[in-house]
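Q: My questions all concern the structure below.
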Amino acid sequence: DTGVSQNPRHKITKRGQNVTFRCDPISEHNRLYWYRQTLGQGPEFLTYFQNEAQLEKSRLLSDRFSAERPKGSFSTLEIQRTEQGDSAMYLCASSSGRKLFFGSGTQLSVL
Amino acid sequence: GQQVMQIPQYQHVQEGEDFTTYCNSSTTLSNIQWYKQRPGGHPVFLIQLVKSGEVKKQKRLTFQFGEAKKNSSLHITATQTTDVGTYFCAGPEGSSNTGKLIFGQGTTLQVKP
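Chains as they are written, first to last, in the numbering used here: chain C, 1 to 111; chain S, 1 to 113.
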């Protein structure tokens, strides 16, 4: 399968803990995006990489969130000191043009 | 800020009935994309419209882009149970060509067999 891969699929954590998610994009795609989706809403942009460079970060993203894409391949999204409001589906997408290919997402539940 | 709005939020139809969802942007869009998300799944790209007044068809699905490039619609003829899911429209933020999209809140379609 050469689609976008995300793991873990589900993560349950306690408030205050740190969590890290991984995304493996389609190999020939140079653009990688992180989106967040809550129930009943559309995906909301978090951040974007062109190769290894993080080119844009949403103003809505607090300093507790950090993303990396070393060597322009896979990416990680870390949330420090999680809060209940961080509970959501975290979607990764990659593209080589305008069309986005989404992964299956990581569902985060903060208790 | 830039907003993309969709109506209705939910639609329940009997199998075989038609379905339409409408998308409106607060700004003129260079293009608009439509995605489908099945229950428990992730968004999957359906189509992109670029030209003013453009109409594209995919089997029973008809997509339109408004003349002013601020609105769009998706019409499904003779719905089937396989059409169940949430349909999102999305447009680029500003004049961005980075692929960063602003999504509508989606229209969830339920089809009764």
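Idealized CB from N, CA, C, for every residue including glycine.
Since the structure is predicted, the reported quantities are computational estimates derived from the model, not experimental observations.
For Glu56/C, which residues does DSSP report across the bridge?
A: Taking the first residue of the first sequence as position 1, residue 56/C is located at position 56. Answer is Tyr48/C.
Q: What separation, rounded to the nearest whole angstrom, lies between the Cα atoms of Thr38/C and Ala68/S?
A: Mapped onto the first sequence, residue 38/C falls at position 38. Mapped onto the second sequence, residue 68/S falls at position 68. Distance between the alpha carbons of Thr38/C and Ala68/S is about 31 Å.
Q: Alpha carbon to alpha carbon, what distance is there between Gln14/S and Phe101/C?
A: Residue numbering aside, residue 101/C sits at position 101 when the first sequence is read from its first letter. Residue numbering aside, residue 14/S sits at position 14 when the second sequence is read from its first letter. Going by the C-alpha atoms only, they are around 31 Å apart.
Q: Only counting runs of 3 or more residues, tell me where the beta strand (DSSP E) segments fall wholly within the stretch 30–100 of chain S, in order along the chain.
A: You should have 32–37, 44–49, 55–58, 61–65, 71–76, 85–92.
Q: Determine the chain S residues that contact Pro25/C at a beta-carbon separation under 9 Å, and present them in chain order.
A: Your numbering for residue 25/C matches position 25 in the first sequence. The contacting residues do not exist; Pro25/C stays about 12 Å from chain S at best.
Q: Would you list the residues sitting across from Asp24/C in a DSSP beta bridge?
A: In the first sequence, counting from the first residue as 1, residue 24/C sits at position 24. Answer by DSSP bridge pairing, in chain order: Ser5/C.
Q: Terminal residues of the continuous beta strand (DSSP E) containing Phe65/C?
A: In the first sequence, counting from the first residue as 1, residue 65/C sits at position 65. From DSSP, the beta strand (DSSP E) with Phe65/C extends over 65–68.
Q: Who are the Cβ neighbours of Phe65/C in its own chain at under 6 Å, not counting the five residues just before and after it?
A: One-based indexing of the first sequence puts residue 65/C at position 65. For Phe65/C, where only same-chain residues beyond five positions count, the Cβ hits under 6 Å are Ile79.
Q: By DSSP's criteria, Leu100/C is part of a beta bridge. Which residues make up the other side?
A: As a working note, residue 100/C is residue 100 in the first sequence. For Leu100/C, which the question treats as bridged, DSSP gives no partner whatsoever.
Q: Within 10 Å of its beta-carbon, does Thr106/C have 16 or more other beta-carbons around it, so buried, or fewer, so exposed?
A: Taking the first residue of the first sequence as 1, we reach residue 106/C at position 106. By the neighbour-count rule (16 or more Cβ atoms within 10 Å), Thr106/C is buried.
Q: Under 8 Å between C-beta atoms, does Gln54/C make it to chain S?
A: Counting from one through the first sequence, the residue named residue 54/C turns up at place 54. It does not: the Cβ of Gln54/C has no partner Cβ on chain S nearer than 8 Å.
Q: How about Pro39/S and Gly85/S: are their beta carbons less than 8 Å apart?
A: As a working mapping, residue 39/S is identified with position 39 in the second sequence. As a working mapping, residue 85/S is identified with position 85 in the second sequence. In contact: Pro39/S and Gly85/S (Cβ atoms closer than 8 Å).
Q: Beta carbon of Glu56/C, beta carbon of Pro70/C: below 8 Å?
A: Here residue 56/C refers to the residue found at position 56 when the first sequence is read from its first residue. Here residue 70/C refers to the residue found at position 70 when the first sequence is read from its first residue. Contact flag unset, no.
Q: Spatial neighbours of Leu49/S within its chain, please: C-beta separation below 7 Å, excluding the five flanking residues on both sides.
A: To locate residue 49/S, count along the second sequence from 1; it is residue 49. Counting only Cβ-Cβ distances below 7 Å, and skipping sequence neighbours, we find Asn31, Ile32, Lys56, Phe63, Phe65, Ser72.
Q: Near Asp24/C, what residues of its chain come up, given a Cβ to Cβ distance below 6 Å and the 5 sequence neighbours on each side ignored?
A: Here residue 24/C is taken as the residue at index 24 of the first sequence, counted from 1. Excluding sequence neighbours, Asp24/C sits near Ser5, Phe74.
Q: DSSP three-state call for Gln123/S: helix, strand or coil?
A: Here chain S comprises residues numbered 1 to 113, so residue 123/S is not present and cannot be evaluated.
Q: Count the other CB atoms within 10 Å of the CB of Ser95/C; is the residue buried (16 or more) or exposed (fewer)?
A: Translated into the one-based positions of the first sequence, residue 95/C becomes position 95. Looking at its Cβ environment, which holds 16 or more other Cβ atoms inside 10 Å, Ser95/C is buried.
Q: Please look up how many angstroms separate the CB atoms of Lys70/S and Leu29/S, rounded, as I've assumed it's under 8 Å.
A: Stepping through the second sequence from its first residue, residue 70/S is reached at position 70. Stepping through the second sequence from its first residue, residue 29/S is reached at position 29. Confirmed, about 7 Å.
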